[in-house]
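S.K.: Before anything else, here's the structure in question.
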């Protein structure tokens, strides 16, 4: 269908079932307008007579498993109703053009940019090229396309805007050139490849899988080529709770070394004991060799390794708690996870700038507000700067938002829902 036909279908209710599933009934009118605006922007830039479709990829929340995926650990994650959407159309040549609202247009010629180029590291073009190369290497069809994208997955928010963008390129290629047959987990694995090899950033797989899969999921990365993914059937809203993400407004500049130090120090412990990653050794191996490890890798690396093992155990406990509907056990585990991240993983602030501790402040404020309520909170995502998450009783959610916004700035606290689909073709 062309752009006018797509807009008519959206506003005539043809996409309502999917839009309600993704965003909730109260958001339907706003989402219709959002998709309509995206289609109109596509038409303005690339032509109204193109054969187009609309796509969505979720942002993600890490519920448990802080900094475990890169050492083949376990996580629980969920797909959020904050997302990146796209209107896209195939081209007849090998050129990909993606205009991202607020960032401009990225252009990649797949016939030229088909292998990693160090000079292109850390660019959106490298992600596009890497996704296309990865799809091709895995035996899937690729080709040129034009796309207009817009996102409310805030950059630097810990909700994985970069992973959502990576998955979106794979999502578009999947439906335009492969009939939608590529599994979303495979798209996520290709996204990790694109980020590692083309973008030049070592990362785990959790962000990409959580954005693509949908709902609440547990992921066991013991076999990274075939991660074990299990849907966890739990509805937070029906249980009377909201998930709140609080953006502390921290500066992410120059934090690359801090982020990279976590997996590298964990892996240094594994290497000292004959493994490549911590999943290949045991907690007892570490404890029995602490004396020599203190000399070879240092105390912080040991604490980070011990966090890894305990966090893996917590994932299993929290998954069981959700399945059983035992919120007291679930919240206790979330609080333990947050304490371990603060004390032992040490990813709540950077030692390069100890005067800026927005996450620490947000956690302190959350503890004060929620201490007499059945609730939980912890650092969210990679840490060092960015966001926390809080599970807040619905009756207090708006007041909690006002409380946090007053301290950290208007709009800092987002009241969100977990949606059932990750990477999808909407219409």
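Numbering (the numbering used here), first residue to last: 26 to 452. Glycine residues also receive a C-beta, built at the ideal position from the N, C-alpha and C atoms.
1) Which whole runs of the beta strand (DSSP E) in the region 156 to 209 are 3 residues long or more, in chain order?
2) Per DSSP, what kind of secondary structure is residue 272 in: helix, strand or coil?
3) Can you tell which of 161, 87, 226 has its C-alpha closest to the C-alpha of residue 142?
4) Output yes or no for whether 8 Å exceeds the beta carbon distance between residue 4 and residue 73.
5) Under three-state DSSP, which class holds residue 61?
6) Return the first residue and the last residue of the alpha helix (DSSP H) that residue 292 is part of.
7) Does the region 117 to 127 touch the region 381 to 401, meaning 3 or more C-beta pairs lie closer than 8 Å?
8) Once the 5 residues before and after residue 387 are set aside, which same chain residues still bring their CB inside 6 Å of it?
9) Check whether the region 98 to 108 and the region 333 to 344 touch, using three or more Cβ-Cβ pairs below 8 Å as the test.
10) Could you tell me which of 440, 71, 407 sits nearest to residue 288, measuring between CA atoms?
11) Assign residue 109 to one of three DSSP states: helix, strand, or coil.
12) Only counting runs of 4 or more residues, tell me where the alpha helix (DSSP H) segments fall wholly within the region 307 to 367, in order along the chain.
13) Between residue 409 and the rest of its own chain, which residues show a CB-CB distance below 6 Å, the 5 nearest in sequence each way excluded?
14) Roughly how many angstroms separate the alpha carbons of residue 441 and residue 129, rounded to a whole number?
15) When we look at the beta-carbon of residue 208 and count the other beta-carbons within 10 Å, is it buried (16 or more) or exposed?
16) Could you tell me which of 222, 202, 51 sits nearest to residue 145, measuring between CA atoms?
17) How would you call residue 453, buried or exposed, if buried means at least 16 neighbouring beta carbons within 10 angstroms?
18) Buried or exposed: where does residue 484 fall if 16 or more other Cβ atoms within 10 Å of its Cβ makes it buried?
19) What residue range does the beta strand (DSSP E) around residue 414 cover?
20) Roughly how many angstroms separate the alpha carbons of residue 294 and residue 365, rounded to a whole number?
21) State buried or exposed for residue 380, treating a residue as buried only when at least 16 other CB atoms are found within 10 Å of its CB.
M.R.: To lay it out plainly:
1) Look at the region 156 to 209 and you find these whole runs of beta strand (DSSP E), each 3 residues long or longer: 170 to 176.
2) By one-based count along the chain shown, residue 272 stands at place 247. Look at residue 272 here: in three-state DSSP terms it is strand.
3) As a working mapping, residue 142 is identified with position 117 in the chain shown. Here the closest residue by C-alpha is 226.
4) As shown, the chain starts at 26 and ends at 452. That puts residue 4 outside it, with no answer to give.
5) For the purposes of this step, residue 61 is identified with residue 36 of the chain shown, where counting begins at 1. Under the three-state reduction of DSSP, residue 61 is assigned to helix.
6) Looking up residue 292 in the chain shown gives position 267. Secondary structure note for residue 292: its alpha helix (DSSP H) is the uninterrupted segment 281 to 297.
7) Between the region 381 to 401 and the region 117 to 127 there are fewer than three C-beta pairs closer than 8 Å, too few to call the two in contact.
8) Taking the first residue of the chain shown as position 1, residue 387 is located at position 362. Same-chain partners within the cutoff: 271, 273, 413.
9) With a cut-off of 8 Å on Cβ pairs, the region 98 to 108 is in contact with the region 333 to 344, counting three or more such pairs.
10) Working through the chain shown from its first residue, we reach residue 288 at position 263. Out of 440, 71, 407, 407 has the C-alpha closest to the C-alpha of residue 288.
11) Counting from one through the chain shown, the residue named residue 109 turns up at place 84. Three-state DSSP puts residue 109 in a strand.
12) Segments of the alpha helix (DSSP H) lying fully in the region 307 to 367: 308 to 313, 315 to 321, 324 to 349, 352 to 365.
13) Residue 409 sits at position 384 when you count from the first residue of the chain shown. Counting only Cβ-Cβ distances below 6 Å, and skipping sequence neighbours, we find 280, 283, 372, 375.
14) What you label residue 441 is simply residue 416 of the chain shown in a count that begins at 1. What you label residue 129 is simply residue 104 of the chain shown in a count that begins at 1. Going from the Cα of residue 441 to the Cα of residue 129 covers about 28 Å.
15) As a first step, residue 208 is located in the chain shown; it is residue number 183 there, counting from the start. That one is exposed.
16) What you label residue 145 is simply residue 120 of the chain shown in a count that begins at 1. Of the candidates 222, 202, 51, the residue whose Cα lies closest to the Cα of residue 145 is 222.
17) This structure gives no information on residue 453, because the portion of the chain shown stretches from 26 to 452.
18) Lying before the first or after the last residue shown, residue 484 is absent from the chain, which here runs from 26 to 452.
19) Start at 1 with the first residue of the chain shown, and residue 414 comes out as number 389. Bounds of the beta strand (DSSP E) holding residue 414 are 412 to 418.
20) Against the chain shown, residue 294 aligns to sequence position 269. Against the chain shown, residue 365 aligns to sequence position 340. Between residue 294 and residue 365, the C-alpha separation is close to 18 Å.
21) Counted from its first residue, the chain shown places residue 380 at position 355. Burial call: exposed.
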